[in-house]
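Structure, as C-alpha coordinates:
Numbering (the numbering used here), first residue to last: 66 to 477.
What follows is the structure in C-alpha coordinates.
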(Lines of atoms letter the chains of each structure in order from A and count residues from 1; the text may use other names and numbers.)
(Lines give C-alpha, C1' and ligand atoms only; values in the text may rest on other atoms or scores of the structure.)
Protein backbone atom coordinates (compact mmCIF):
# COMPACT_ATOMS: atom_id res chain seq x y z
CA UNK A 1 0.00 0.00 0.00
CA UNK A 2 1.58 3.33 -1.01
CA UNK A 3 2.41 5.86 1.69
CA UNK A 4 0.21 8.44 0.01
CA UNK A 5 -2.88 6.27 -0.39
CA UNK A 6 -5.88 8.59 0.04
CA UNK A 7 -8.87 6.33 -0.66
CA UNK A 8 -10.66 5.88 2.66
CA UNK A 9 -13.64 3.83 1.49
CA UNK A 10 -12.60 0.72 3.43
CA UNK A 11 -9.76 1.88 5.65
CA UNK A 12 -11.56 4.66 7.49
CA UNK A 13 -14.87 2.83 8.15
CA UNK A 14 -12.99 -0.24 9.42
CA UNK A 15 -10.78 1.75 11.80
CA UNK A 16 -13.55 4.06 13.02
CA UNK A 17 -16.10 1.31 13.62
CA UNK A 18 -13.53 -1.03 15.17
CA UNK A 19 -12.48 1.64 17.65
CA UNK A 20 -16.10 2.44 18.51
CA UNK A 21 -17.06 -1.21 18.97
CA UNK A 22 -14.06 -1.78 21.24
CA UNK A 23 -15.02 1.32 23.22
CA UNK A 24 -18.64 0.17 23.59
CA UNK A 25 -17.48 -3.23 24.85
CA UNK A 26 -15.23 -1.57 27.42
CA UNK A 27 -18.10 0.68 28.53
CA UNK A 28 -20.35 -2.37 28.88
CA UNK A 29 -17.80 -4.01 31.15
CA UNK A 30 -16.63 -1.05 33.24
CA UNK A 31 -18.94 2.00 33.05
CA UNK A 32 -21.98 2.61 35.26
CA UNK A 33 -23.96 5.68 36.30
CA UNK A 34 -22.84 7.51 39.41
CA UNK A 35 -25.51 7.89 42.08
CA UNK A 36 -24.85 11.65 42.24
CA UNK A 37 -24.62 11.82 46.03
CA UNK A 38 -21.27 13.61 45.97
CA UNK A 39 -22.33 16.37 43.57
CA UNK A 40 -22.50 19.60 45.53
CA UNK A 41 -22.63 22.47 43.04
CA UNK A 42 -25.62 23.45 40.92
CA UNK A 43 -23.24 25.39 38.67
CA UNK A 44 -21.51 22.27 37.38
CA UNK A 45 -23.85 21.48 34.47
CA UNK A 46 -23.70 24.98 32.90
CA UNK A 47 -19.92 24.95 33.28
CA UNK A 48 -19.80 21.58 31.52
CA UNK A 49 -21.80 23.03 28.63
CA UNK A 50 -19.41 25.99 28.41
CA UNK A 51 -16.45 23.61 28.16
CA UNK A 52 -18.34 21.51 25.60
CA UNK A 53 -18.90 24.59 23.42
CA UNK A 54 -15.20 25.38 23.60
CA UNK A 55 -14.27 21.89 22.45
CA UNK A 56 -16.66 21.61 19.52
CA UNK A 57 -17.18 25.21 18.36
CA UNK A 58 -14.19 27.08 19.77
CA UNK A 59 -11.42 24.74 18.69
CA UNK A 60 -13.22 23.71 15.51
CA UNK A 61 -13.81 27.19 14.12
CA UNK A 62 -10.46 28.56 15.29
CA UNK A 63 -8.84 26.23 12.76
CA UNK A 64 -11.00 27.32 9.81
CA UNK A 65 -8.53 30.03 8.81
CA UNK A 66 -7.16 27.85 6.00
CA UNK A 67 -8.88 28.88 2.78
CA UNK A 68 -9.47 25.35 1.45
CA UNK A 69 -9.68 23.33 4.67
CA UNK A 70 -12.79 24.51 6.50
CA UNK A 71 -14.72 21.24 6.18
CA UNK A 72 -11.84 19.32 7.72
CA UNK A 73 -11.13 21.87 10.43
CA UNK A 74 -14.65 21.71 11.85
CA UNK A 75 -15.59 18.23 10.67
CA UNK A 76 -12.50 16.31 11.76
CA UNK A 77 -12.52 18.30 15.01
CA UNK A 78 -15.99 16.86 15.67
CA UNK A 79 -14.80 13.34 14.81
CA UNK A 80 -11.75 13.45 17.07
CA UNK A 81 -13.60 15.09 19.95
CA UNK A 82 -16.48 12.60 19.79
CA UNK A 83 -14.13 9.63 19.96
CA UNK A 84 -11.69 11.31 22.32
CA UNK A 85 -14.23 12.05 25.03
CA UNK A 86 -15.29 8.39 25.09
CA UNK A 87 -11.72 7.16 25.27
CA UNK A 88 -10.87 9.82 27.83
CA UNK A 89 -13.65 8.63 30.13
CA UNK A 90 -12.14 5.16 30.08
CA UNK A 91 -8.47 6.11 30.37
CA UNK A 92 -9.03 8.59 33.19
CA UNK A 93 -11.61 6.37 34.84
CA UNK A 94 -9.27 3.42 35.31
CA UNK A 95 -7.32 5.43 37.90
CA UNK A 96 -10.45 6.09 39.96
CA UNK A 97 -12.43 2.85 39.82
CA UNK A 98 -14.96 2.03 42.52
CA UNK A 99 -15.35 -1.73 43.05
CA UNK A 100 -14.02 -2.35 39.57
CA UNK A 101 -16.38 0.13 37.90
CA UNK A 102 -16.02 3.60 36.38
CA UNK A 103 -18.82 5.73 37.80
CA UNK A 104 -19.75 8.29 35.15
CA UNK A 105 -20.78 11.69 36.49
CA UNK A 106 -20.61 15.34 35.47
CA UNK A 107 -17.07 15.78 36.76
CA UNK A 108 -15.82 12.80 34.79
CA UNK A 109 -17.34 14.02 31.53
CA UNK A 110 -15.82 17.46 32.10
CA UNK A 111 -12.44 15.78 32.57
CA UNK A 112 -13.09 13.70 29.45
CA UNK A 113 -13.59 16.91 27.50
CA UNK A 114 -10.32 18.16 28.98
CA UNK A 115 -8.49 15.07 27.74
CA UNK A 116 -9.96 15.66 24.29
CA UNK A 117 -8.58 19.21 24.28
CA UNK A 118 -5.03 17.82 24.21
CA UNK A 119 -5.77 16.05 20.93
CA UNK A 120 -7.37 19.11 19.36
CA UNK A 121 -4.34 21.21 20.29
CA UNK A 122 -2.03 18.64 18.68
CA UNK A 123 -4.37 18.48 15.68
CA UNK A 124 -3.56 22.15 15.10
CA UNK A 125 0.14 21.38 14.72
CA UNK A 126 -0.46 18.86 11.91
CA UNK A 127 -3.58 20.46 10.41
CA UNK A 128 -3.85 19.86 6.68
CA UNK A 129 -1.08 17.26 6.49
CA UNK A 130 -2.66 14.13 7.96
CA UNK A 131 -5.49 11.74 7.16
CA UNK A 132 -8.53 11.10 9.39
CA UNK A 133 -7.24 7.58 10.03
CA UNK A 134 -3.87 8.88 11.20
CA UNK A 135 -5.64 11.34 13.49
CA UNK A 136 -7.80 8.64 15.08
CA UNK A 137 -4.62 6.71 15.84
CA UNK A 138 -3.12 9.86 17.34
CA UNK A 139 -6.24 10.35 19.48
CA UNK A 140 -6.16 6.93 21.10
CA UNK A 141 -2.42 7.11 21.82
CA UNK A 142 -2.31 10.72 22.99
CA UNK A 143 -5.19 10.41 25.44
CA UNK A 144 -3.75 7.19 26.84
CA UNK A 145 -0.40 8.87 27.50
CA UNK A 146 -2.17 11.99 28.79
CA UNK A 147 -4.06 9.99 31.39
CA UNK A 148 -0.80 8.55 32.72
CA UNK A 149 0.80 11.98 33.02
CA UNK A 150 -2.35 13.48 34.55
CA UNK A 151 -2.41 10.77 37.22
CA UNK A 152 1.26 11.35 37.96
CA UNK A 153 0.84 15.13 38.22
CA UNK A 154 -2.43 15.23 40.16
CA UNK A 155 -2.31 12.12 42.34
CA UNK A 156 1.37 11.40 42.91
CA UNK A 157 3.10 14.77 42.67
CA UNK A 158 -0.09 16.46 43.93
CA UNK A 159 0.71 19.56 41.90
CA UNK A 160 -1.83 22.32 41.38
CA UNK A 161 -2.97 22.80 37.78
CA UNK A 162 -6.66 23.66 37.97
CA UNK A 163 -6.75 25.31 34.53
CA UNK A 164 -4.35 22.76 33.04
CA UNK A 165 -1.66 25.08 31.68
CA UNK A 166 0.78 22.18 32.03
CA UNK A 167 -1.13 18.93 31.64
CA UNK A 168 -3.35 20.06 28.74
CA UNK A 169 -1.87 23.08 26.97
CA UNK A 170 1.87 22.48 27.25
CA UNK A 171 1.37 18.73 26.87
CA UNK A 172 -0.92 19.03 23.83
CA UNK A 173 1.33 21.56 22.13
CA UNK A 174 4.62 19.72 22.51
CA UNK A 175 3.00 16.38 21.73
CA UNK A 176 1.75 17.88 18.48
CA UNK A 177 5.09 19.49 17.69
CA UNK A 178 6.87 16.16 18.21
CA UNK A 179 4.40 14.48 15.86
CA UNK A 180 4.85 17.28 13.32
CA UNK A 181 8.62 16.89 13.44
CA UNK A 182 8.45 13.14 12.80
CA UNK A 183 5.98 13.71 9.95
CA UNK A 184 8.14 16.47 8.47
CA UNK A 185 7.52 17.04 4.75
CA UNK A 186 10.52 18.42 2.82
CA UNK A 187 8.18 19.17 -0.08
CA UNK A 188 6.42 21.81 2.03
CA UNK A 189 9.64 23.54 3.05
CA UNK A 190 8.86 26.49 0.78
CA UNK A 191 5.18 26.63 1.67
CA UNK A 192 2.00 25.57 -0.10
CA UNK A 193 -0.50 27.60 -2.09
CA UNK A 194 -3.36 26.50 0.17
CA UNK A 195 -1.49 27.07 3.43
CA UNK A 196 -3.04 30.47 4.00
CA UNK A 197 -6.27 32.33 4.55
CA UNK A 198 -8.72 34.49 2.67
CA UNK A 199 -10.97 37.21 4.08
CA UNK A 200 -13.97 35.02 4.85
CA UNK A 201 -11.94 32.13 6.30
CA UNK A 202 -10.32 34.50 8.80
CA UNK A 203 -13.79 35.73 9.77
CA UNK A 204 -14.90 32.16 10.48
CA UNK A 205 -11.78 31.61 12.59
CA UNK A 206 -12.64 34.68 14.67
CA UNK A 207 -15.90 32.94 15.62
CA UNK A 208 -13.81 30.27 17.31
CA UNK A 209 -11.65 32.91 18.98
CA UNK A 210 -14.61 34.77 20.46
CA UNK A 211 -16.29 31.60 21.75
CA UNK A 212 -13.06 30.44 23.38
CA UNK A 213 -12.39 33.87 24.87
CA UNK A 214 -15.88 34.13 26.36
CA UNK A 215 -15.96 30.66 27.90
CA UNK A 216 -12.35 30.34 29.10
CA UNK A 217 -13.21 31.36 32.69
CA UNK A 218 -15.47 28.29 32.84
CA UNK A 219 -12.67 26.08 31.49
CA UNK A 220 -10.21 27.24 34.15
CA UNK A 221 -12.72 27.01 37.01
CA UNK A 222 -14.63 23.86 36.02
CA UNK A 223 -12.86 21.51 38.43
CA UNK A 224 -12.01 24.07 41.12
CA UNK A 225 -13.54 23.61 44.57
CA UNK A 226 -16.99 25.23 44.62
CA UNK A 227 -17.31 28.58 46.33
CA UNK A 228 -14.49 31.04 46.92
CA UNK A 229 -11.85 29.00 45.07
CA UNK A 230 -13.99 28.62 41.96
CA UNK A 231 -14.84 32.32 41.98
CA UNK A 232 -11.15 33.17 42.28
CA UNK A 233 -10.41 31.05 39.20
CA UNK A 234 -13.13 32.83 37.22
CA UNK A 235 -11.92 36.30 38.21
CA UNK A 236 -8.24 35.57 37.56
CA UNK A 237 -9.00 34.13 34.12
CA UNK A 238 -11.38 36.97 33.27
CA UNK A 239 -8.76 39.61 34.05
CA UNK A 240 -5.85 37.74 32.49
CA UNK A 241 -7.73 37.38 29.21
CA UNK A 242 -8.66 41.06 29.17
CA UNK A 243 -5.07 42.21 29.76
CA UNK A 244 -3.83 39.74 27.15
CA UNK A 245 -6.00 41.30 24.45
CA UNK A 246 -4.41 44.72 24.96
CA UNK A 247 -0.85 43.41 24.81
CA UNK A 248 -1.56 41.18 21.80
CA UNK A 249 -3.06 44.06 19.85
CA UNK A 250 -0.23 46.40 20.84
CA UNK A 251 2.59 44.02 19.90
CA UNK A 252 0.85 43.02 16.66
CA UNK A 253 0.72 46.65 15.61
CA UNK A 254 4.32 47.19 16.72
CA UNK A 255 5.85 44.37 14.68
CA UNK A 256 3.71 44.59 11.54
CA UNK A 257 4.35 46.85 8.55
CA UNK A 258 2.89 50.35 8.95
CA UNK A 259 1.46 49.41 12.33
CA UNK A 260 -1.36 47.30 10.91
CA UNK A 261 -2.93 44.46 12.90
CA UNK A 262 -2.34 40.86 11.81
CA UNK A 263 -5.44 38.67 12.04
CA UNK A 264 -3.34 35.60 12.89
CA UNK A 265 -2.11 37.36 16.02
CA UNK A 266 -5.58 38.53 17.00
CA UNK A 267 -7.18 35.11 16.48
CA UNK A 268 -4.66 33.36 18.69
CA UNK A 269 -2.54 35.54 20.95
CA UNK A 270 -5.63 37.13 22.52
CA UNK A 271 -6.34 33.72 24.09
CA UNK A 272 -2.89 33.16 25.55
CA UNK A 273 -3.85 34.81 28.82
CA UNK A 274 -6.38 32.07 29.50
CA UNK A 275 -3.73 29.44 28.91
CA UNK A 276 -1.03 31.11 30.99
CA UNK A 277 -3.13 31.82 34.08
CA UNK A 278 -4.52 28.28 34.21
CA UNK A 279 -2.10 26.71 36.67
CA UNK A 280 -2.52 29.42 39.29
CA UNK A 281 -6.09 30.43 38.41
CA UNK A 282 -7.40 29.30 41.80
CA UNK A 283 -4.46 30.74 43.73
CA UNK A 284 -4.53 34.01 45.63
CA UNK A 285 -2.30 35.83 43.16
CA UNK A 286 -4.33 39.07 43.40
CA UNK A 287 -6.15 40.58 40.41
CA UNK A 288 -3.10 42.56 39.29
CA UNK A 289 -1.05 39.34 39.30
CA UNK A 290 -3.49 37.69 36.91
CA UNK A 291 -3.36 40.76 34.68
CA UNK A 292 0.44 40.72 34.61
CA UNK A 293 0.40 37.07 33.55
CA UNK A 294 -2.07 37.88 30.77
CA UNK A 295 -0.05 40.89 29.64
CA UNK A 296 3.13 38.83 29.38
CA UNK A 297 1.33 35.95 27.65
CA UNK A 298 0.01 38.26 24.93
CA UNK A 299 3.50 39.60 24.27
CA UNK A 300 5.14 36.16 24.15
CA UNK A 301 2.45 34.64 21.96
CA UNK A 302 2.42 37.47 19.41
CA UNK A 303 6.20 37.55 19.11
CA UNK A 304 6.17 33.78 18.72
CA UNK A 305 3.82 33.95 15.75
CA UNK A 306 5.88 36.70 14.15
CA UNK A 307 9.38 35.34 14.64
CA UNK A 308 9.54 31.88 16.22
CA UNK A 309 7.18 29.88 13.99
CA UNK A 310 9.21 30.60 10.80
CA UNK A 311 12.42 29.74 12.68
CA UNK A 312 11.06 26.39 13.87
CA UNK A 313 10.05 25.51 10.31
CA UNK A 314 13.32 26.53 8.65
CA UNK A 315 15.81 25.45 11.32
CA UNK A 316 14.19 22.49 13.10
CA UNK A 317 11.81 21.15 10.46
CA UNK A 318 8.76 21.67 12.69
CA UNK A 319 5.89 22.74 10.43
CA UNK A 320 3.37 24.04 12.98
CA UNK A 321 0.28 24.85 10.91
CA UNK A 322 -1.76 26.66 13.58
CA UNK A 323 1.11 27.94 15.68
CA UNK A 324 0.13 25.87 18.71
CA UNK A 325 3.57 26.50 20.17
CA UNK A 326 2.69 30.17 20.48
CA UNK A 327 -0.87 29.81 21.79
CA UNK A 328 -0.53 26.70 23.96
CA UNK A 329 3.14 25.73 24.28
CA UNK A 330 4.95 28.84 25.49
CA UNK A 331 1.96 30.23 27.43
CA UNK A 332 1.59 26.78 29.00
CA UNK A 333 5.21 26.91 30.15
CA UNK A 334 4.64 30.46 31.39
CA UNK A 335 1.65 29.19 33.35
CA UNK A 336 3.70 26.38 34.83
CA UNK A 337 6.46 28.78 35.87
CA UNK A 338 3.88 31.16 37.34
CA UNK A 339 2.60 28.23 39.38
CA UNK A 340 6.12 27.53 40.66
CA UNK A 341 6.54 31.15 41.76
CA UNK A 342 3.06 31.33 43.31
CA UNK A 343 3.64 28.10 45.24
CA UNK A 344 7.00 29.37 46.48
CA UNK A 345 5.22 32.51 47.72
CA UNK A 346 2.65 30.42 49.58
CA UNK A 347 -0.31 31.43 47.41
CA UNK A 348 -1.85 27.94 47.53
CA UNK A 349 -2.11 25.67 50.52
CA UNK A 350 -0.15 22.41 50.18
CA UNK A 351 1.38 23.48 46.83
CA UNK A 352 5.18 23.34 46.69
CA UNK A 353 7.47 24.88 44.11
CA UNK A 354 9.40 21.64 43.62
CA UNK A 355 6.28 19.61 42.83
CA UNK A 356 5.01 22.31 40.49
CA UNK A 357 8.31 22.28 38.62
CA UNK A 358 8.29 18.49 38.48
CA UNK A 359 4.76 18.55 37.04
CA UNK A 360 5.83 20.94 34.28
CA UNK A 361 8.86 18.81 33.43
CA UNK A 362 6.74 15.65 33.45
CA UNK A 363 4.14 17.13 31.11
CA UNK A 364 6.72 18.29 28.58
CA UNK A 365 8.70 15.04 28.84
CA UNK A 366 5.67 12.81 28.31
CA UNK A 367 4.60 15.05 25.42
CA UNK A 368 7.90 14.97 23.54
CA UNK A 369 8.58 11.27 23.97
CA UNK A 370 4.96 10.22 23.49
CA UNK A 371 4.56 12.51 20.49
CA UNK A 372 7.68 11.18 18.81
CA UNK A 373 6.57 7.57 19.27
CA UNK A 374 3.06 8.41 18.08
CA UNK A 375 4.47 10.19 15.05
CA UNK A 376 6.48 7.11 14.10
CA UNK A 377 3.34 4.98 14.35
CA UNK A 378 1.32 7.50 12.33
CA UNK A 379 4.02 7.46 9.67
CA UNK A 380 3.39 3.79 8.86
CA UNK A 381 2.16 3.51 5.25
CA UNK A 382 -0.88 1.42 6.27
CA UNK A 383 -2.77 4.50 7.51
CA UNK A 384 -2.36 6.56 4.35
CA UNK A 385 -1.75 10.29 4.16
CA UNK A 386 -2.26 13.10 1.65
CA UNK A 387 0.51 13.77 -0.87
CA UNK A 388 2.22 17.15 -0.64
CA UNK A 389 0.27 18.66 -3.51
CA UNK A 390 -3.06 17.79 -1.86
CA UNK A 391 -2.26 19.05 1.63
CA UNK A 392 -4.54 21.73 3.09
CA UNK A 393 -7.31 20.76 0.66
CA UNK A 394 -10.74 19.46 1.69
CA UNK A 395 -11.47 17.83 -1.65
CA UNK A 396 -9.13 14.91 -0.98
CA UNK A 397 -11.34 13.59 1.85
CA UNK A 398 -14.65 15.45 1.40
CA UNK A 399 -17.31 15.90 -1.25
CA UNK A 400 -16.88 19.60 -2.02
CA UNK A 401 -19.74 21.57 -3.68
CA UNK A 402 -19.25 21.82 -7.42
CA UNK A 403 -19.10 25.62 -7.52
CA UNK A 404 -16.21 25.60 -5.07
CA UNK A 405 -14.25 23.19 -7.26
CA UNK A 406 -14.96 25.33 -10.32
CA UNK A 407 -13.86 28.49 -8.53
CA UNK A 408 -10.67 26.81 -7.44
CA UNK A 409 -10.04 25.73 -11.01
CA UNK A 410 -10.37 29.29 -12.32
CA UNK A 411 -7.92 30.56 -9.70
CA UNK A 412 -5.21 28.11 -10.68
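We put the CB at the ideal spot given by N, CA and C, even for glycine.
Please read these numbers as outputs of a predicted model, since none were measured by experiment.
Assigned exposure category for residue i - 16 Cβ within 10 Å defines buried
i           : result
residue 430 : exposed
residue 295 : buried
residue 454 : exposed
residue 122 : buried
residue 381 : exposed
residue 323 : exposed
residue 342 : buried
residue 100 : exposed
residue 257 : buried
residue 392 : buried
residue 412 : buried
residue 210 : buried
residue 419 : exposed
residue 36  : Residue 36 is absent from the model: the chain starts at 66 and stops at 477.
residue 196 : buried
residue 292 : exposed
residue 176 : buried
residue 310 : buried
residue 80  : buried
residue 148 : buried
residue 132 : buried
residue 415 : exposed
residue 467 : exposed
residue 199 : buried
residue 117 : buried
residue 164 : exposed
residue 396 : buried
residue 443 : buried
Terminal residues of the alpha helix (DSSP H) in which residue i lies
i           : result
residue 308 : 293–320
residue 191 : Residue 191 -> no alpha helix (DSSP H), and no H or E assigned at all.
residue 367 : 352–368
residue 136 : 135–158
residue 386 : It is not in any alpha helix (DSSP H) - residue 386 carries neither H nor E in the DSSP assignment.
residue 395 : 395–409
residue 272 : 264–286
residue 123 : Note, residue 123: premise wrong, no alpha helix (DSSP H); not H, not E.
residue 421 : 418–443
residue 114 : 109–118
residue 246 : 236–247
residue 333 : 328–333
residue 341 : 337–341
Anticipated Cβ contact below 8 Å, residue i with residue j, distance rounded
i           : j           : result
residue 255 : residue 458 : At roughly 17 Å, the Cβ-Cβ gap does not stay under 8 Å, so residue 255 and residue 458 are not in contact.
residue 143 : residue 174 : Residue 143 to residue 174, Cβ: 17 Å. No contact.
residue 297 : residue 349 : 7 Å
residue 261 : residue 456 : Residue 261 to residue 456, Cβ: 12 Å. No contact.
residue 462 : residue 73  : 7 Å
residue 482 : residue 187 : Outside the shown range of the chain, which is 66 to 477, sits residue 482, and nothing can be said about it.
residue 307 : residue 339 : Contact doesn't hold; Cβ gap of about 10 Å is too wide.
residue 182 : residue 428 : Not a contact, Cβ separation roughly 13 Å.
residue 288 : residue 172 : 7 Å
residue 201 : residue 84  : 6 Å
residue 190 : residue 417 : That belief does not hold up - the Cβ atoms of residue 190 and residue 417 are roughly 32 Å apart, past 8 Å.
residue 124 : residue 270 : Contact doesn't hold; Cβ gap of about 11 Å is too wide.
Range covered by the beta strand (DSSP E) that runs through residue i
i           : result
residue 168 : 167–169
Identified DSSP bridge partners for residue i
i           : result
residue 163 : 166
residue 96  : 167
Is the stretch 399–418 close to the stretch 188–206, with three or more CB pairs under 8 Å?
Taking a cut-off of 8 Å on C-beta distances, the stretch 399–418 does not touch the stretch 188–206, as fewer than three cross pairs fall below it.
Check whether the stretch 439–453 touches the stretch 216–230, taking contact to mean three or more Cβ pairs, one atom from each stretch, closer than 8 Å.
The way I'd put it, the stretch 439–453 doesn't touch the stretch 216–230; fewer than three beta-carbon pairs between them come closer than 8 Å.
Tell me, please, whether the stretch 320–328 touches the stretch 275–288 by the rule of three or more beta-carbon pairs shorter than 8 Å.
No, the stretch 320–328 is not in contact with the stretch 275–288.
Does the contact criterion of 3 or more C-beta pairs under 8 Å hold for the stretch 231–240 versus the stretch 81–99?
No contact exists between the stretch 231–240 and the stretch 81–99.
Can we say the stretch 156–171 touches the stretch 210–224, given the rule of at least three CB pairs closer than 8 Å?
Touching, yes, given that three or more Cβ pairs across the two stretches are closer than 8 Å.
For the 8 Å Cβ check, are there 3 or more pairs between the stretch 110–126 and the stretch 300–319?
Because the criterion of three Cβ pairs below 8 Å is not met, the stretch 110–126 and the stretch 300–319 do not touch.
For the 8 Å Cβ check, are there 3 or more pairs between the stretch 363–380 and the stretch 418–433?
Contact fails: fewer than three Cβ-Cβ distances are below 8 Å.
Does the stretch 123–141 come close enough to the stretch 241–252 to have 3 or more Cβ pairs within less than 8 Å?
Contact between the stretch 123–141 and the stretch 241–252 is absent, because fewer than three Cβ pairs lie under 8 Å.
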